[in-house]
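Working notes, beginning with the structure itself.
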Amino acid sequence: MKKMAISVDLWTFNVTEDEELLQYIDPKLLSLDYADRVIQIKIIIAAFIFVTVLFIGSLIVCNLFPAFRALVLKHQIFMSLAIVRGVYGFFSIVIGVYAIFKTTDLDRDVVFGKNATSSFAMCITVGFFLFELTAVVLSDIAFKTFSKMLILHHGLALIAYSLAVKLGANYAFGCKGMILEMSTPFSCLCYVLLKAGWENSKAWVINQMILVHTFHLRSVVECHLWVVTYFNWENIYSNMPTVLLVLLYTNLTLVTFIMTPYWGYKKTQQLFNPVDWNFQEERNTDGITSNGSVKKTD
């Protein structure tokens with residue numbers, strides 16, 4: 001078992017290869033100095049550029065299919081954003097499962113514990129939320145809308161993850177909490193199938209049922225995070241930087257008692273009444289086509 005120490009103030013941690021997920025992606029990533037601000041910024045910028053290219057690519061691909069090309073620009077943009085969230089969701093599922101089920105320094109010290117994998121994942125997440133918040137705000141300005149729940153959720157997440165990276169703390173909750181994005185791949189597929197006019201297909205129903213259950217699992221994860229809090233409260237209260245402590249439990253309270261129940265309810269409602277509730281559309285069979293235009297009726 002090979003170990004390599006990285007040490008800069010609170011950034012002290014040992015890279016234990018047996019505990020690192022990055023060794024299966026690219027072993028070279030283990031040798032990066034994640035305490036170096038330049039390295040952190042480079043990873044954040046790389047993540048931002050990657051998701052931006054993915055968004056633009058999704059927008060281009062959408063126009064290759066007649067059903068999606070017929071959508072108004074606003075809906076094409078929302079679909080492309082959903083695809084980006086779905087890709088990040090898969091990444092978050094992997095990191096979240098790793099952080100929850102693999103015993104690492106994240107468990108040994110829930111305040112300052114970290115390793116190469118968690119450091120890499122936290123920087124990637126900052127890059128993603130930076131893109132996400134920018135895209136949502138620009139979209140709202142362009143289309144004169146106000147996505148208050150998304151802006152609140154992603155705005156708080158961006159601030160919390162950015163400060164965690166800056167202060168070198170709260171990586172345990174940050175990485176374990178990434179699994180809450182488990183719903184996004186299925187939410188993406190839900191939107192794509194709905195806009196393709198497949199809302200009455202078995203594929204849509206199966207995906208929607210899985211999507212609903214991801215919100216049930218989100219609640220399980222949120223309870224787990226509260227349990228981790230209970231057993232580590234003395235360490236958390238005594239050592240967690242105050243700003244991170246406030247942000248962590250503001251976010252956790254919001255997702256536990258407001259956001260997850262609300263989104264779970266809306267997706268359950270959508271299972272029985274397949275509408276695009278993001279834009280308050282009526283279902284296709286009630287006189288609306290998949291691109292939002294009114295059907296001609298006799």
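Residue numbers for the sequence shown follow UniProt numbering, so the first one is 1 and each next one is one higher.
Ideal Cβ positions, reconstructed from N, Cα and C, are used throughout, including at glycine.
Cβ-Cβ separation between residue 127 and residue 179: approximately 19 Å, too far for a contact (criterion under 8 Å). Spatial neighbours of residue 22 in its own chain (CB-CB distance under 8 Å, excluding positions within 5 residues in sequence) are listed in chain order as 29, 30, 116, 117, 120.
Taking C-beta atoms as the reference points, residue 86 and residue 241 fail to come closer than 7 Å.
In the assembly as shown, residue 230 is an exposed residue. Its beta-carbon has fewer than 16 other beta-carbons within 10 Å.
Within the same chain, 149, 153 come within 8 Å of residue 259 by CB-CB distance, once the 5 residues on both sides are set aside.
Residues 10, 111, 112, 240, 241, 244 of the same chain have their beta carbon placed closer than 7 Å to that of residue 169, with the five preceding and five following residues left out of the count. At the C-beta level, residue 196 and residue 67 come within 7 Å of one another. A direct Cα-Cα distance of roughly 28 Å separates residue 234 from residue 155.
Annotation note: the region 62 to 91 contains the following uninterrupted alpha helix (DSSP H) runs of length 4 or greater, listed N- to C-terminal: 66 to 69. DSSP places residue 243 in the uninterrupted alpha helix (DSSP H) bounded by 242 to 254. With a cutoff of 7 Å on beta-carbon distance, residue 104 and residue 19 are scored as near each other.
The continuous alpha helix (DSSP H) containing residue 192 extends over residues 184 to 195.
In terms of Cβ geometry, residue 271 and residue 208 form a close pair [threshold 7 Å]. Annotation: residue 249 to residue 65 spans about 44 Å, alpha carbon to alpha carbon.
When the Cα atoms are used, residue 89 and residue 237 turn out to be separated by approximately 30 Å. Between residue 114 and residue 13, the C-beta gap is smaller than 7 Å, which places the two residues in contact. If you check the CB distance, residue 172 and residue 106 come in under 7 Å. Here DSSP, grouped into helix, strand and coil, assigns residue 143 to helix.
Excluding the 5 residues flanking it on each side, residue 191 has same chain C-beta neighbours closer than 7 Å at 79, 82, in chain order.
Contact between residue 254 and residue 159 fails: their C-beta atoms lie close to 13 Å from each other, not under 8 Å. Around the beta-carbon of residue 274, 16 or more other beta-carbon atoms lie within 10 Å, marking it buried. Linking residue 267 to residue 39 through their CA atoms gives a straight-line distance of about 39 Å. Residue environment: residue 201 is assigned as exposed (fewer than 16 neighbouring CB atoms within 10 Å of its CB, all protein chains considered).
Around residue 182, the same chain offers 93, 214 as residues with beta carbons nearer than 6 Å, after the five sequence neighbours per side are excluded.
Counting along the chain, no alpha helix (DSSP H) covers residue 169, and no H or E run does either. One alpha carbon belongs to residue 98, the other to residue 125, and they sit about 15 Å apart. When C-alpha distances from residue 101 are compared across 225, 251, 269, the shortest belongs to 225. In the structure shown, residue 201 falls within a coil segment according to DSSP collapsed to helix, strand and coil.
Collapsing the DSSP output to three states places residue 25 in coil. Each residue's CA atom was taken as its position, placing residue 74 and residue 143 some 7 Å apart.
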